[in-house]
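Here the sequence shown stands for residues 22 to 231, numbered as in our numbering. First the structure, in the form of structure tokens, and then the observations on it.
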Amino acid sequence: MTDRAAEAALAQKPDTQNIEENTDRLKNFARKFRGAGAAAPEVQRELEELQNLTSKLLDVGVAISSEIDLYALLVRIIDEAKRLLHADRGTLYLVDHEKNELYFHVTDDKQIKEIRLPINKQSIAGYVALTGKQLNIKDVYRIPKSRPYTFNKSVDRKSGYRTRSMLTVPMVNHQGEVTGAVQLINKMRDGEVTAFSERDRHILMSLASQ
22 MTDRAAEAAL AQKPDTQNIE ENTDRLKNFA RKFRGAGAAA PEVQRELEEL QNLTSKLLDV
82 GVAISSEIDL YALLVRIIDE AKRLLHADRG TLYLVDHEKN ELYFHVTDDK QIKEIRLPIN
142 KQSIAGYVAL TGKQLNIKDV YRIPKSRPYT FNKSVDRKSG YRTRSMLTVP MVNHQGEVTG
202 AVQLINKMRD GEVTAFSERD RHILMSLASQ
């Protein structure tokens with residue numbers, strides 16, 4: 022890893038102040054509904070789930086912010102993101118500014134050695150790193166041909182794994198520079214692969230961005 026990449030990665034600690042503010046707003050919102058008795062049971066359950074999830078996110082943010090070791094920090098981000106969003110796999114890429122490439126820094130697919138990707142619009146992670154946009158793809162095998170990016174199916178062929186849903190967000194520092202990307206694969210629900218939600222996207226952005 023280059024020195025610049027290491028410094029950039031160390032800056033990717035969640036903004037716990039923003040998370041805490043969101044938690045307080047959510048608690049107040051839920052309290053108003055309960056107090057007025059206006060919410061249907063399913064709405065109340067949704068509010069309780071949101072409140073619980075946001076509180077967990079705050080706890081995770083505090084824990085990650087206290088991490089000093091670089092590699093442990095990045096592993097923690099991936100592990101907590103997978104746990105909170107029920108993702109089967111996850112990968113964290115860092116930007117190599119000297120070569121204008123992305124490379125795996127943390128991945129839980131042990132069969133894959135370090136892979137480098139050019140930062141361009143042809144790959145999913147490269148597109149996210151280049152544009153700073155987030156991509157939430159329901160099925161990577163059904164990406165419309167009109168999109169500039171594609172999924173590299175050879176990765177699945179080599180590993181025997183079947184990638185379906187994928188959520189990829191940029192890692193952004195205080196200066197607004199993209200320093201990497203966090204990618205979650207195959208959200209699991211009741212043993213089945215399902216798509217990542219808008220809520221999942223917001224949560225992953227909170228973990229990946231400062």
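All C-beta atoms in this analysis are idealised placements derived from N, C-alpha and C, irrespective of residue type, glycine included.
Taking a C-beta distance under 7 Å as the contact criterion, Val149 and Thr184 do not qualify as a contact pair. Membership of Tyr92 in the alpha helix (DSSP H) is indicated by the continuous run Leu91 to Leu106. Taking C-alpha positions only, Ile164 is separated from Lys174 by approximately 12 Å. Less than 7 Å divides the Cβ of Gly201 from the Cβ of Tyr114. Classified as exposed, Asn121 has fewer than 16 neighbouring CB atoms from the shown chains inside 10 Å of its CB. When DSSP states are grouped into helix, strand and coil, Ser230 belongs to the coil group. Distance check between Ser230 and each of Lys142, Pro191, Leu95 and Arg97 places Pro191 closest, using alpha-carbon atoms only. Nearest Cα to Tyr170 within the set Tyr92, Gly197 and Leu138: Leu138.
When secondary structure is reduced to three states using DSSP, Glu198 falls in the coil class, being assigned neither helix nor strand. Around Leu151, the same chain offers Ile140, Asn141 and Lys142 as residues with beta carbons nearer than 7 Å, after the five sequence neighbours per side are excluded. Rounded to whole angstroms, the separation of the alpha carbons of Ser218 and Asp117 is 30 Å.
The beta carbon of Asn157 sits closer than 6 Å to the beta carbons of Leu188, Phe217 and Arg222 from its chain, once the five residues preceding and following it are set aside; these are given in chain order. DSSP, reduced to helix, strand and coil, places Ile158 within a strand of the structure shown. Going by beta carbons, Lys159 and Ser186 fall inside the 7 Å limit. The bridge partners DSSP lists for Phe172 come to none.
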